[in-house]
Amino acid sequence: MKEKSGGWADKILRINLSDRSFRVIPTEIYSRKMLGGLGIAARVAWDEIKPETKAFDADNKLIFATGPLTGTLAPGSGRMEVMGKSPRTFPDEVVTRSGMGGHWGVELKRAGYDAVIIEGQADVAVYIYIDCNNIEFHGAEDLWGKDTYATQRCLKQKHGDKVQVVCIGPAGENRSRIATIVSETSFTSGKSGFGAVMGAKKVKAIVVNGSGGRIRVARSGRLVNLAAHYRELLGYNPMREWTVGYCPPDYHQRFYKKYRKGNASCFGCTLQCFAFIKVPELDPAQVHCINYYYMKPAYDFYGETLEGDQTVWQSILLCNKLGLCTFEMAGFVPWLKDLFDAGRLNEKTSGLPLTKLGSREFIESLLINIAYRKGIGDVLAEGAPRAAGILQDAWALYEKYYPAHGQTEHNSVRDYPAIALLWALDSRDPMIDHHAYRHLAVSRQRWPKPHGLTAKEAQNISENIFETRTAIDHTTFAEKAKAVAYCQDRSAVINSLVLCDFLFPIFISQSRKDRMGDTAAESRLLSAVTGTDIDEKTLNAVGERIWNLLRAIMVREGRTKQKDTLHPTNFQKADSQKQAASHSVAIISANHTQPIDREAFERAKAEYYDIRGWDPNTGWPDRETLQKLDLNDIADELYDPKAPGDGS
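Numbering-wise, the sequence shown is residues 404 to 1051 according to the numbering used here.
Below, the structure written as structure tokens:
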């Protein structure tokens, strides 16, 4: 695609830390094929991150990329994508992605850039200041060691309240593989460990000032009307009240009804799925979803008391201040309990007050030790799967939490065949990017009236989108391959525009009686913003191109058919006595004993390869498939490594 008069800022900023230089390149060399966001980042990664590069090498790139809809009136347009070689993926470090919401990406667009590519490595701690054409490198020795909240306060005092900041905390500085990048109080790039990459590059923060900048829209009147229409179609979503994607338990609701002062959101989003919370004697902040990871343990220890509430809130604040992934903590806490209960970990050797798990003392000790790599925290900072390989006899108790890619389970791969395939075929936890399918197939059929879907309504929507009701039937792998390929392509589109996948693609309407959504929304919004008409089918093809490029990156790094799988324990009947400990949040559901049918799984995988046009023996995209998707140079390099790519 060639941009016309709207959507893109037309420039990408390339920053070299090693010599403190920068230059600007045109967005169009990437966006004409790759759209924006994830697509641009993936193309840069293919061109510039060699397979042998390690996550903490100076040669690794950290790419922050917005899309043509970022910062516009399109609902959910406050997001961006981050990409690079991840230190967190397991067993190998691979190129992958991490989304991030809030306001920083919008500010970057207003400053005149669609993306920032960070390369090289600083010799001392720095932060980067971006103000349109003014790019500055500042020493950050006085910020090194500060938490993310204090860092942002300091930088806003210096550069003004209107700037937006992404930064790391002590966990990133100490290269914890589970370190996050944080903006404001709880917008994070969390699941790929990119906070540790910033730490390795000695970048404490990136400050952006886009004051006075504007984001061009070609057909502003059309966009206003479409935005209003899709907000009405989406309707009221109870996640605004719940701040999670499932109907929360009563004690959860009592907590935020006591302490919620309002709601918050990423730029311009009507969903407002973050609660703004103030608990006595602690800092206020935003919170949603997996952030509540310690609520059940804390209430089990203290009951629903003020001390229990303060412990819940401190567990959230401290994770975000130190720059640690709360999703990893949701798996860590029950796993450490398992190890302690089994006699494989004790207080003396671990240095953790394990008899007080659920207490404020325990969670503060755990998080601080990980962030500063103290004692057993030095092992745990490697992330759960690497730590499980270091601690004695720990894998046997960890594997029930583990589907693949070094990340804690996010929806049950045993119970939901399509989710099993999504996990097996990705480079990281896929469910962060596939809320639309999960809500249709699982979550919203469990929501109470009037918000939930009936089984019949869900089946009708499935038939409308996937041409079969079986796509959401959890008793079989039949028809899942086609649904998974469709969802992956649409996810690539969403993450390239960039939009929030809590809202898009619109499979479900909260306002229509039949609950039927509109999957053409993204193409219509893009057409209005850019001034170039594009239909849904064409946009889906762009998503297919981007997903195949992501696959090519995986293949070049050693991904094969044999590696398109899950941890072996998921294909085995689990011992009911070895089920997962009681989880702190309902989003993790690893305590199921039913094994995945391996033969059915492999048949579905073979069907998926056929749909994709990939070699059934290797899992590689066929040369003809890549050529059909206008990825000729990718095909040449993949099948003949000596052939140079054209960089387009």
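Cβ coordinates follow ideal geometry from the N, Cα and C atoms, glycine included.
Residue i versus residue j: straight-line alpha-carbon distance, rounded
i, j, result
"tryptophan 798", "valine 782", "14 Å"
"glutamate 866", "tyrosine 662", "42 Å"
"phenylalanine 425", "arginine 417", "5 Å"
"lysine 414", "isoleucine 428", "6 Å"
"histidine 562", "aspartate 422", "24 Å"
"valine 611", "glycine 504", "15 Å"
"glutamine 1030", "tyrosine 532", "41 Å"
"phenylalanine 704", "leucine 739", "16 Å"
"lysine 681", "serine 912", "32 Å"
"leucine 843", "glycine 855", "10 Å"
"glycine 444", "aspartate 921", "The sequence as given places alanine at residue 444; glycine does not occur at that position. The straight-line gap from Cα to Cα measures roughly 28 Å."
"tyrosine 659", "glutamine 675", "14 Å"
"valine 958", "valine 845", "31 Å"
"isoleucine 949", "glycine 761", "43 Å"
"aspartate 686", "serine 623", "40 Å"
"arginine 954", "aspartate 967", "11 Å"
"aspartate 462", "glutamine 997", "44 Å"
"alanine 448", "proline 454", "10 Å"
"alanine 582", "isoleucine 571", "8 Å"
"phenylalanine 743", "lysine 759", "11 Å"
"lysine 549", "arginine 446", "34 Å"
"cysteine 650", "arginine 849", "8 Å"
"serine 480", "glutamate 750", "47 Å"
"isoleucine 822", "aspartate 938", "28 Å"
"valine 498", "alanine 553", "31 Å"
"aspartate 818", "cysteine 890", "19 Å"
"tyrosine 696", "phenylalanine 735", "10 Å"
"glycine 615", "leucine 511", "12 Å"
"glycine 713", "proline 756", "Here residue 713 turns out to be glutamine, not glycine, going by the sequence shown. Spanning the two alpha carbons is a distance of roughly 18 Å."
Close beta carbons around residue i, own chain, < 6 Å, minus the five adjacent residues each side
i, result
"proline 788", "Phe493, Gly809"
"asparagine 898", "Gly440, Leu441, Glu484"
"glutamate 1042", "First, the amino acid is wrong: residue 1042 is tyrosine here, not glutamate. Once the five neighbours on either side are set aside, the close Cβ partners of tyrosine 1042 are Arg1026."
"tyrosine 1012", "Pro1019"
"alanine 543", "Ala528, Val529, Tyr530, Lys607"
"alanine 784", "Ser579, Ile773, Arg776"
"isoleucine 521", "Ile418, Leu465"
"glycine 508", "Thr469, Thr473, Met483"
The alpha helix (DSSP H) enclosing residue i, as first and last residue numbers
i, result
"glutamate 750", "750 to 753"
"tyrosine 1012", "1001 to 1015"
"serine 592", "Premise fails: serine 592 lies in the beta strand (DSSP E), 590 to 592, not in any alpha helix (DSSP H)."
"valine 782", "780 to 783"
"proline 573", "573 to 576"
"histidine 562", "551 to 562"
"leucine 770", "763 to 774"
"tryptophan 798", "798 to 801"
Same chain, Cβ closer than 8 Å to residue i, neighbours up to 5 away in sequence not counted
i, result
"leucine 770", "Ser718, Leu721, Cys722, Leu725, Leu727, Met732"
"lysine 559", "Val566, Val568"
"histidine 632", "none"
"tryptophan 547", "Ala528, Glu576, Lys607"
"glutamate 882", "Phe869, Thr871, Thr873, Ala874, Asp876"
Extent of the continuous beta strand (DSSP E) run through residue i
i, result
"valine 620", "Counting along the chain, valine 620 falls outside any beta strand (DSSP E), and DSSP gives it neither H nor E."
"cysteine 570", "567 to 570"
"glutamine 689", "688 to 690"
"valine 611", "606 to 611"
"serine 586", "584 to 586"
Same chain only: Cβ atoms within 7 Å of residue i, ignoring 5 sequence neighbours per side
i, result
"threonine 475", "Ile618, Val620, Leu626, Val932"
"aspartate 936", "Ser930"
"tyrosine 702", "Tyr654, Gly711"
"valine 918", "The sequence shown places arginine at residue 918, not valine. Leu856, Glu860, Ile864, Ile911, Ser912, listed in sequence order."
"glutamine 795", "Arg747"
"methionine 601", "Leu465, Ile571, Gly575, Ile584"
In DSSP terms, what residue i is bridged to
i, result
"glutamine 810", "Ala807"
"phenylalanine 540", "Ile531"
"leucine 522", "The question names leucine, but residue 522 in the sequence shown is glutamate. Answer is Asn419, bridged to glutamate 522."
"serine 501", "Val485"
"alanine 680", "Correcting the residue type first, residue 680 is isoleucine in the shown sequence and not alanine. Beta-bridge pairing links isoleucine 680 to Arg663, Ala688."
"proline 1024", "Trp1017"
"aspartate 921", "Ile909"
Check: residue i C-beta below 6 Å from any heavy atom of the ligand ADP
i, result
"isoleucine 956", "Of ligands this structure carries none, so the ligand ADP is not represented either."
Can you give, in chain order, each stretch of the beta strand (DSSP E) that sits fully within the segment 409 to 497 and has at least 3 residues?
-> 414 to 419, 424 to 429, 465 to 468, 483 to 488
Can you give, in chain order, each stretch of the beta strand (DSSP E) that sits fully within the segment 827 to 904 and has at least 3 residues?
-> none
Which whole runs of the alpha helix (DSSP H) in the segment 642 to 672 are 4 residues long or more, in chain order?
-> 642 to 645, 653 to 662
Which runs of the alpha helix (DSSP H) spanning at least 4 residues fall entirely within the segment 700 to 745, listed in chain order?
-> 709 to 725, 729 to 744
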